[in-house]
Amino acid sequence: MAMQQPATTSWLHRMTDSDIWWSFKSSPTTVAAAAVTLFIFVIAFFAPLLAPHTPFDPATLSLSDGLKPPVLVSPDGEWTFPLGTDDQGRDVLSAIMYGTRLSLIVGFASVIVAMVIGIALGLVSGYVGGAVDTVIMRIADVQLTFPAILVALLIDGVVRGIISVQRHDEIAIFVIVGAIGLSFWVQYARTVRGSVLVEKNKEYVQAARVIGLSPVLIMVRHVLPNVTGPVLVIATINLGLAIITEATLSFLGVGLPSTQPSLGTLIRLGNEVLQSGEWWVIVFPGAMLAALVLAVNLLGDWLRDALNPKLR
Amino acid sequence: MPDGASMNQFVKIEGLKRYFDVSAPWLVRTLEGRPRQIVQAVDGIDIEIAKGETFSLVGESGCGKSTVARLVVGLYPPTAGSIEFDGNDMAGSRSRADMAALRRRMQMIFQDPYASLNPRWRVFDIVAEPIRAFGLAKDKADLENQVGERLRQVRLTPADGRKYPHEFSGGQRQRISIARALASHPEFLVCDEPTSALDVSVQAQILNLMVDLQRRLQLTYLFISHNLAVVYHISTRVGVMYLGRLVEVAPTDTLFRRPKHPYTRMLLDTIPDLDMTGRQRAPVAGEVPSPINPPSGCTFHPRCPFANERCKVERPKALPIEGGTVACHAIEEGRLGVEERSYAASAA
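As they're listed, the protein sequences go chains F and X.
Residue numbers for the first sequence follow the numbering used here, so the first one is 5 and each next one is one higher.
Residue numbers for the second sequence follow the numbering used here, so the first one is 101 and each next one is one higher.
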């Protein structure tokens, strides 16, 4: 679509020249949050390469390694298990790396599901209007009255009722992605609808209608690019929320099974041994979850302000 | 100026009506026993536009002139009446391709140069949009040529195509808008107050460009404006609208020098003239009534100094007079004589 830029301004140059980059650089909190997020992303996505153990391969586990304390706080610790082990003899550090990976996958996937549903329904609702708009928005209103976790629990419960336990463990990740995605679409739909209502009466949309472009083309080509800003902000903030929701569900035992533990599952497993004094099994995954969500939310807050021309 | 009926009609609008439902939602209406509310934005309008001429619609805000523009280009379907473009009824059923062929020939220029260009698109893509939509370019090089040519036509450079709309001033943006409208080689342009958002000096620039383009490309304009000086400058014929109806249509010179309808006279009295003739002017009294419940008979009667009982009950018909038409009982009955005006031609 777009014309070629002259070769003198490279893509990188234009990026480092932009307002967004400047606002990013001038906020130390944001730079720190971005660094933490990047670090977590790297260790999570390269977990199979970086982790010292493969914690969920039963063949590599030995019960005699069970419940070893972290190496820095107790002489009983071993350097092979720097953050200690749980009651099965699994390395907590490796479990966290693999768990963060799963948490991030679920987080991203459910944000994408929510975004796709929300943007599509929001566009249709705003552009078509009338009865279609009323129906979609009333469904959204009804859904907003239920907490997201309740909706996710309901969907998960229904799926569990339909399929067998073994099958459920296999598809648990899809169920939870779908459940979280379905409970978060409302925010996108409302935001997009609001923006569409503003944009569709602008004259550039009318100009496209005079040319005779189909409504679908107008929505995708003209309206959508003008609503991406707010959607991006919601997506970033929702990523943290989705990770937390997944952790909550897994902690309650309705999320990911212990064969595929996310951070939430690890916290649940740690909770079981907390009473007997093995605090490290729960504290380290908890700290990881807190750091991840905090960093992502700080990024989201910055993005919201950076993209809002009124706050510049 | 040939007589209106005998001209070769390029655009023919007959009995055009457009009502908008502005009622409260059904539930509220039922519970509170409120009636439906219908705005009669356009209430039966006949216009004939000859090829190559500029037909202007003037009137106060809310008289329905912008609605007429949007009806003509098909942004709204009419409630009643027909629009014929070069002998083709726009409402007639035809294939997508035939419809596109008709749409290609008419384009629109909008009022607000800040809202009429997509802020996320480069100027090149904005001007290229109609060319792409109608498949008018053979290949990429041809497309670039055509867009460059259109930009030069409105006195921009092809290099401007790389920029975004926010890098241009209001006048330049309006020229981009014109370039986009010209991109599909249209024959008929609907201009909805194209200069009202611009500085006076820039207005003249845009108007001169439009006149120049009209001469070179044999364009036909439907020009919507509330600025009589602009209308005087650009039009061949003028239609005066009041509350969704045409009260007077006349060749520009006739309208400005020998206005007939009392409303036209009232509008002309609002133009300051440089000659300082010292003539007593009738101030524009009252304001436009709500188009939801328009007055009976002649809708202008509550503000008209010449209204009588007949004006309150009977809707006046458009009667031919001096190369135009006027809808007024007082003129028809001879109660109101024609008065000569000297309109300062330098006003534009």
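All C-beta atoms, glycine included, are put in the ideal place defined by N, C-alpha and C.
### Task
Excluding the 5 residues preceding and the 5 following LYS263 (chain X) in the sequence, name in chain order all residues of the same chain whose CB lies nearer than 6 Å to its CB.
Within the second sequence, residue 263 (chain X) is the residue found at index 163, counting from 1. Answer for LYS263 (chain X): VAL223, listed in chain order.
### Three-way DSSP call (helix, strand, coil) for ASP143 (chain X) in this model
For the purposes of this step, residue 143 (chain X) is identified with residue 43 of the second sequence, where counting begins at 1. Strand.
### Message
Using a Cβ-Cβ cutoff of 8 Å, what residues of the stretch 162–188 of chain X are near chain F? List them in chain order.
### Response
From the stretch 162–188 of chain X, only ARG170, VAL173, GLY174, LEU175 have a Cβ closer than 8 Å to chain F.
### Exposure of GLY185 (chain F), with buried meaning 16 or more beta-carbon neighbours within 10 Å
Locating residue 185 (chain F) in the first sequence gives position 181, where the first residue counts as 1. For GLY185 (chain F), the number of other beta carbons within 10 angstroms of its own is at least 16, and it is reported as buried.
### Message
With H, G and I counted as helix, E and B as strand and the rest as coil, what does DSSP make of LEU419 (chain X)?
### Response
In the second sequence, residue 419 (chain X) corresponds to position 319, counting from 1. Of the three classes helix, strand and coil, the one that applies to LEU419 (chain X) here is strand, per DSSP.
### ILE324 (chain X) versus X:VAL172, X:ILE276, X:GLN137, residue with shortest Cα-Cα distance
Taking the second sequence and counting its residues from 1, one reaches residue 324 (chain X) at position 224. Of the candidates X:VAL172, X:ILE276, X:GLN137, the one whose C-alpha sits nearest the C-alpha of ILE324 (chain X) is X:VAL172.
### Query
Taking C-alpha atoms, which residue in F:SER199, F:LEU253, F:SER27, F:SER266 lies nearest to LEU158 (chain F)?
Along the first sequence, one-based indexing puts residue 158 (chain F) at 154. When each option's Cα is compared against that of LEU158 (chain F), the closest is F:LEU253.
### Task
Whole angstroms is fine: what's the gap from LEU293 (chain F)'s alpha carbon to LEU125 (chain F)'s?
Within the first sequence, residue 293 (chain F) is the residue found at index 289, counting from 1. Within the first sequence, residue 125 (chain F) is the residue found at index 121, counting from 1. If you take the alpha carbons of LEU293 (chain F) and LEU125 (chain F), they lie about 32 Å apart.
### Message
Which residue marks the beginning of the alpha helix (DSSP H) containing ASP121 (chain X), and which one marks its end?
### Response
In the second sequence, the residue the question calls residue 121 (chain X) occupies position 21. Not the alpha helix (DSSP H): ASP121 (chain X) falls in the beta strand (DSSP E), residues 109–121.
### Task
Examine chain F for any beta-carbon lying closer than 9 Å to the beta-carbon of GLN274 (chain X), and answer yes or no.
Counting from one through the second sequence, the residue named residue 274 (chain X) turns up at place 174. Taking 9 Å as the CB threshold, GLN274 (chain X) stays off the interface with chain F.
### Burial state of SER266 (chain F) (16 or more Cβ within 10 Å)
The sequence position of residue 266 (chain F) within the first sequence is 262, counting from 1. SER266 (chain F) is buried by the Cβ-count criterion.
### Message
Just to make sure I have the definition right: I need the residues of chain F whose C-beta is within less than 7 Å of the C-beta of SER216 (chain X). Which are they?
### Response
Residue 216 (chain X) sits at position 116 when you count from the first residue of the second sequence. Those within 7 Å of SER216 (chain X) in chain F are GLU207, TYR208, ALA211.
### Message
Using CA atoms only, rank isn't needed, just tell me which of F:ARG142, F:ASP145, F:PHE178, F:LEU221 is closest to ALA156 (chain F).
### Response
As a working mapping, residue 156 (chain F) is identified with position 152 in the first sequence. Of the residues F:ARG142, F:ASP145, F:PHE178, F:LEU221, the one whose Cα lies closest to the Cα of ALA156 (chain F) is F:PHE178.
### Distance between beta carbons of ILE306 (chain X) and GLY271 (chain X), contact taken as under 8 Å
Reading the second sequence from its first residue, position 171 is the one you call residue 271 (chain X). Reading the second sequence from its first residue, position 206 is the one you call residue 306 (chain X). The C-beta separation of GLY271 (chain X) from ILE306 (chain X) comes to about 6 Å, placing the pair in contact by the 8 Å criterion.
### Query
Which term fits GLY244 (chain F), buried or exposed, when burial requires 16 or more other beta carbons within 10 angstroms of its beta carbon?
Stepping through the first sequence from its first residue, residue 244 (chain F) is reached at position 240. Sixteen is the threshold: when 16 or more other Cβ atoms of the shown chains lie within 10 Å of the Cβ of GLY244 (chain F), as they do, the residue is buried.
### Query
Cβ of ALA281 (chain X) within 9 Å of Cβ of GLY216 (chain F)?
In the second sequence, the residue the question calls residue 281 (chain X) occupies position 181. In the first sequence, the residue the question calls residue 216 (chain F) occupies position 212. It is not a contact, given that the beta carbons lie outside the stated cut-off.
### Query
Near VAL297 (chain F), what residues of its chain come up, given a Cβ to Cβ distance below 7 Å and the 5 sequence neighbours on each side ignored?
For the purposes of this step, residue 297 (chain F) is taken as the residue at position 293 of the first sequence. Excluding residues within five positions, the ones whose Cβ falls inside 7 Å are GLY244, ILE247, ILE248.
### Task
Could you tell me the distance, in whole angstroms, from the CA atom of ASP512 (chain X) to the CA atom of LEU202 (chain X)?
Beyond the ends of chain X as shown, which are 101 and 448, falls residue 512 (chain X); an answer cannot be given.
### Under 8 Å (Cβ pairs) to chain F, residues found in the stretch 109–135 of chain X
So the list is empty, because no residue satisfies the distance condition.
### Message
Just checking: is the beta-carbon of ALA237 (chain X) within a distance shorter than 9 Å of some beta-carbon in chain F?
### Response
As a position in the second sequence, residue 237 (chain X) is number 137, starting the count at 1. So, not an interface residue.
### Query
Going along chain X, which residues have a C-beta under 7 Å from ILE215 (chain F)?
By one-based count along the first sequence, residue 215 (chain F) stands at place 211. Counting only Cβ-Cβ distances below 7 Å, ILE215 (chain F) has contacts in chain X at ARG203, GLU229, PRO230, ALA233, in chain order.
### Message
For PRO395 (chain X), which residues in the same chain have their Cβ closer than 7 Å to its Cβ, ignoring the five residues on either side in sequence?
### Response
As a first step, residue 395 (chain X) must be located in the second sequence, where it is residue number 295. Contacts found: PRO389, HIS401, PRO402.
### Task
Kindly indicate which three-state DSSP category PRO294 (chain X) falls into: helix, strand or coil?
Taking the second sequence and counting its residues from 1, the one referred to as residue 294 (chain X) is at position 194. In this structure, PRO294 (chain X) counts as coil in the three-state DSSP scheme.
#### Entry: TRP126 (chain X), buried or exposed, once every other Cβ within 10 Å from all chains shown has been counted against 16
For the purposes of this step, residue 126 (chain X) is taken as the residue at position 26 of the second sequence. Within a 10 Å sphere around the beta-carbon of TRP126 (chain X) sit fewer than 16 other beta-carbons, which makes this residue exposed.
### Query
Can you list, in chain order, the residues of the stretch 217–236 of chain F whose Cβ is nearer than 7 Å to any Cβ on chain X?
So the list reads LEU217, HIS226, PRO229, ASN230, given in the order they occur along the chain.
### Task
Quick one: which unbroken alpha helix (DSSP H) runs of 4-plus residues sit fully inside the stretch 266–305 of chain F? Chain order, please.
Note on the stretch 266–305 of chain F: whole alpha helix (DSSP H) runs with a minimum of 4 residues are 267–278, in chain order.
### Task
Would you decide whether GLY115 (chain X) is buried or exposed? Buried here means 16 or more other CB atoms lie within 10 Å of its CB.
Start at 1 with the first residue of the second sequence, and residue 115 (chain X) comes out as number 15. Flag for GLY115 (chain X) reads exposed.
### Query
Within the 9 Å Cβ cut-off, does ASP242 (chain X) reach chain F?
Residue numbering aside, residue 242 (chain X) sits at position 142 when the second sequence is read from its first letter. Chain F, which has no Cβ nearer than 9 Å to the Cβ of ASP242 (chain X), makes this no.
### Message
Using C-beta distances below 8 Å, list every residue in its chain close to SER277 (chain X), excluding the 5 sequence neighbours before and after it, in chain order.
### Response
Looking up residue 277 (chain X) in the second sequence gives position 177. For SER277 (chain X), where only same-chain residues beyond five positions count, the Cβ hits under 8 Å are ILE209, PHE210, PRO213, SER216, LEU217, PRO294.
### Query
Quick one: is SER187 (chain F) buried, meaning 16 or more other Cβ sit within 10 Å of its Cβ, or exposed?
Counting from 1 along the first sequence, the entry for residue 187 (chain F) is found at position 183. Around the beta carbon of SER187 (chain F), a 10 Å sphere encloses 16 or more other beta carbons of the protein chains shown; the residue is thus reported as buried.
### Task
Report, in whole angstroms, the separation of the C-beta atoms of PHE288 (chain X) and THR320 (chain X), which I expect to be a contact under 8 Å.
Stepping through the second sequence from its first residue, residue 288 (chain X) is reached at position 188. Stepping through the second sequence from its first residue, residue 320 (chain X) is reached at position 220. Rounded to whole angstroms, the Cβ separation of PHE288 (chain X) and THR320 (chain X) is 5 Å, and the two are in contact under 8 Å.
### Query
In whole angstroms, what separates the C-alpha of VAL128 (chain F) from that of ARG197 (chain F)?
Residue numbering aside, residue 128 (chain F) sits at position 124 when the first sequence is read from its first letter. Residue numbering aside, residue 197 (chain F) sits at position 193 when the first sequence is read from its first letter. Going by the C-alpha atoms only, they are around 8 Å apart.
### Query
Over what stretch of residues does the beta strand (DSSP E) that includes SER269 (chain X) continue unbroken?
The residue labelled residue 269 (chain X) in the question sits at position 169 within the second sequence. Under the DSSP assignment, SER269 (chain X) falls outside any beta strand (DSSP E); it carries neither an H nor an E label.
### Message
Measuring straight from C-alpha to C-alpha, what distance separates GLY233 (chain F) and GLU132 (chain X)?
### Response
If you number the first sequence from 1, residue 233 (chain F) lands on position 229. If you number the second sequence from 1, residue 132 (chain X) lands on position 32. Their backbone Cα atoms lie some 41 Å apart in a straight line.
### Task
Starting from the C-beta of ARG136 (chain X), find all residues in its chain whose C-beta is less than 6 Å away, skip the five residues before and the five after it, and write them out in chain order.
The count along the second sequence starts at 1 and reaches residue 136 (chain X) at position 36. Excluding residues within five positions, the ones whose Cβ falls inside 6 Å are SER123.
#### Entry: C-alpha gap between ARG435 (chain X) and CYS404 (chain X), whole angstroms
Here the question's residue 435 (chain X) lines up with position 335 in the second sequence. Here the question's residue 404 (chain X) lines up with position 304 in the second sequence. In a straight line, the C-alpha of ARG435 (chain X) is about 13 Å away from that of CYS404 (chain X).
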